[in-house]
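Numbers 1 to 171, taken from full-length UniProt numbering, label the letters of the sequence shown in order. Just so you know, even glycine gets a beta-carbon here, dropped at the ideal spot from N, CA and C. Treat the numbers as computed from the prediction; the structure is a model and nothing was measured.
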Amino acid sequence: MKTMKYLLTAVLSATLLFSCGGDKKKEETKEKIKLGTKKEETKVDSNVANLVIAGNDQMKFDKKELKVKAGQKVKLTLRHTGKMDVNVMGHNVVILKQGVDVSAFGNKAATARDNGYIPADAEDDIIAHTKVIGGGQTTSIEFDAPAPGTYDFICSFPGHYALMKGKFIVE
1 MKTMKYLLTA
11 VLSATLLFSC
21 GGDKKKEETK
31 EKIKLGTKKE
41 ETKVDSNVAN
51 LVIAGNDQMK
61 FDKKELKVKA
71 GQKVKLTLRH
81 TGKMDVNVMG
91 HNVVILKQGV
101 DVSAFGNKAA
111 TARDNGYIPA
121 DAEDDIIAHT
131 KVIGGGQTTS
141 IEFDAPAPGT
151 YDFICSFPGH
161 YALMKGKFIV
171 E
C-alpha cells in the first residue's frame, strides 16, 4: 500500500512538473513570435521601379538584365550576399551611357580607389551608380530612367567588370 502511495505521488508530481514546464515554454515561444512578427507598413508607389540586384563573393550578379520604362523613377538596391570585406571583394553597380567602352571604363575605374572606383573624369559616361559595399551590406540609389535603349551595367571594383555585368533595358 505504501509503495502504491509513493508511486502515485511520484507520477502526480512528475505530471505536474512536466505540464507546468511545457506550458511556460509554449507561452515564451508565443511571446517571441508576437514580438518578432511585427511588420511596418510601407507605401508602394506604382510609378517607381524597384529593382534589387545581388552580388556575391564569386564575383557574380544574380541578374543579367534589369528592365524599366523610359522616364520612370528607379530605385536600385544592391545587396552583397557574400561575406568578404569591402576592401577585398567590394561591389557596386554602375550604369553606363550608351557607347561607353566597358573595358576602357573598367580599367580607368581600377585606379580610382579614393573615389569609390568611379573615375573623376567619367561623370559624363555614367547614368547612375551605387557606392561600393562589402559582404552583408546593402545600398540603394534613386534616379530617373533615361531614354529608351539598352545600357551596360557593371561592377567597377578592380577586375570585376569582366564577370559582373549585364544590360539595363529601358522600354
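Touch test, the region 128 to 137 against the region 74 to 86, Cβ-Cβ under 8 Å, three pairs minimum: yes
Does residue 163 pass the burial test, meaning 16 or more other C-beta atoms within 10 Å, or should it be called exposed? Position 163 of the sequence shown, counted from the first residue, corresponds to residue 163. Exposed: under 16 other Cβ atoms inside 10 Å.
Cα-Cα separation between residue 123 and residue 49, rounded to whole angstroms: As a first step, residue 123 is located in the sequence shown; it is residue number 123 there, counting from the start. As a first step, residue 49 is located in the sequence shown; it is residue number 49 there, counting from the start. Cα to Cα, residue 123 sits roughly 23 Å from residue 49.
Is the CB-CB distance between residue 90 and residue 134 below 7 Å? Sequence index remark: in the sequence shown, residue 90 carries index 90 (1-based). Sequence index remark: in the sequence shown, residue 134 carries index 134 (1-based). Yes. Within cutoff.
Alpha-carbon to alpha-carbon, residue 147 and residue 139: Numbered from its first residue, the sequence shown carries residue 139 at position 139. Numbered from its first residue, the sequence shown carries residue 147 at position 147. About 25 Å.
For residue 151, write down the residues that DSSP places opposite it in a beta bridge. Taking the sequence shown and counting its residues from 1, the one referred to as residue 151 is at position 151. DSSP, once it has assigned bridges, lists 168 as partnering residue 151.
Residues near residue 97 in its chain [Cβ-Cβ closer than 8 Å; skip 5 each side]: Start at 1 with the first residue of the sequence shown, and residue 97 comes out as number 97. Contacts found: 124, 125, 126, 127, 146, 151.
Buried or exposed for residue 88, going by 16 or more other Cβ atoms inside 10 Å? Taking the sequence shown and counting its residues from 1, the one referred to as residue 88 is at position 88. Burial call: exposed.
Collapsed DSSP secondary structure at residue 100 in the structure displayed: The residue given as residue 100 occupies position 100 in the sequence shown. In the structure shown, residue 100 sits in coil (DSSP, three-state: anything other than H, G, I, E or B).
Which value, in whole angstroms, describes the spacing of the CA atoms of residue 160 and residue 59? Along the sequence shown, one-based indexing puts residue 160 at 160. Along the sequence shown, one-based indexing puts residue 59 at 59. Cα to Cα, residue 160 sits roughly 6 Å from residue 59.
Looking at the unbroken alpha helix (DSSP H) that takes in residue 87, where does it start and where does it end? Along the sequence shown, read from residue 1 onward, the residue named residue 87 stands at position 87. Taken as a continuous stretch (DSSP letters only), the alpha helix (DSSP H) holding residue 87 covers 86 to 89.
Along the chain, where does the beta strand (DSSP E) that runs through residue 74 open and close? Residue mapping note: residue 74 aligns to position 74 of the sequence shown, counting from 1. 73 to 80 is the span of the beta strand (DSSP E), which, as asked, contains residue 74.
Could you check the C-alpha separation between residue 55 and residue 62 for me, to the nearest Å? Here residue 55 corresponds to residue number 55 of the sequence shown, with the count starting at 1. Here residue 62 corresponds to residue number 62 of the sequence shown, with the count starting at 1. Answer to the nearest angstrom: the Cα atoms are 6 Å apart.
Just to confirm the assignment, what range does the beta strand (DSSP E) spanning residue 138 have? Taking the first residue of the sequence shown as 1, we reach residue 138 at position 138. Unbroken beta strand (DSSP E) run through residue 138: 138 to 144.
Can you tell me the Cα-Cα spacing of residue 110 and residue 99, whole angstroms? In the sequence shown, residue 110 corresponds to position 110, counting from 1. In the sequence shown, residue 99 corresponds to position 99, counting from 1. Spanning the two alpha carbons is a distance of roughly 20 Å.
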